[in-house]
Amino acid sequence: MVAGLKFKLRQIKRTPDVHTIARSDIMRRDIDKFDNAFPDGVFAFPASTESPKVKIRALDKYCKEHGVEPKDLTEDEMKPFLVY
């Protein structure tokens with residue numbers, strides 16, 4: 001009885017040709033629709049034109065060599081990695 005009840009809860013609706021559409025089917029369709037809305041795969045807002053670009057590889061190398069994290073760097077230490 002309980003298993004039958006759980007099955008009924010998973011059924012969202014039936015199509016005219018008697019196929020059951022489950023919640024997971026609807027979620028998968030929504031995820032696919034969202035993914036297809038971004039053909040280049042980028043889900044980010046563009047940076048402001050006034051904000052500097054960061055030389056990520058050089059910053060990562062520096063942090064590994066000195067045993068620090070980027071958030072712990074001072075402004076003077078960060079300057080060589082910023083491009084305005």
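Residues in the sequence shown are numbered consecutively from 1, following the UniProt record's numbering.
Just so it is clear, CB atoms sit at the ideal spot from N, CA and C, and this is done for glycine as well.
Since we're looking at a predicted model, the values are computed, not measured.
Inspect the beta-carbon positions of residue i and residue j and report whether they are closer than 9 Å.
{"i": "Pro52", "j": "Leu82", "result": "yes"}
Per DSSP, what kind of secondary structure is residue i in: helix, strand or coil?
{"i": "Leu82", "result": "strand"}
{"i": "Ala44", "result": "coil"}
{"i": "Lys53", "result": "strand"}
{"i": "Ala37", "result": "coil"}
Relative to the C-alpha of residue i, which residue among the options is closest?
{"i": "Ile56", "options": "Pro80, His19, Pro16", "result": "Pro80"}
Between residue i and the rest of its own chain, which residues show a CB-CB distance below 6 Å, the 5 nearest in sequence each way excluded?
{"i": "Lys64", "result": "none"}
{"i": "residue 86", "result": "Lying before the first or after the last residue shown, residue 86 is absent from the chain, which here runs from 1 to 84."}
{"i": "Lys33", "result": "none"}
Pop quiz: residue i and residue j are said to be a contact at Cβ under 8 Å. What is the actual Cβ separation, rounded to whole angstroms?
{"i": "Leu59", "j": "Pro70", "result": "6 Å"}
Can you give me the Cβ contacts of residue i inside the same chain, cut-off strictly under 7 Å, excluding the 5 residues immediately before and after it?
{"i": "Val54", "result": "Phe81, Leu82"}
{"i": "Phe43", "result": "none"}
{"i": "Asp35", "result": "none"}
Taking 8 Å as the limit between beta carbons, can you name the residues of its chain near residue i, skipping five residues before and five after?
{"i": "Thr74", "result": "none"}
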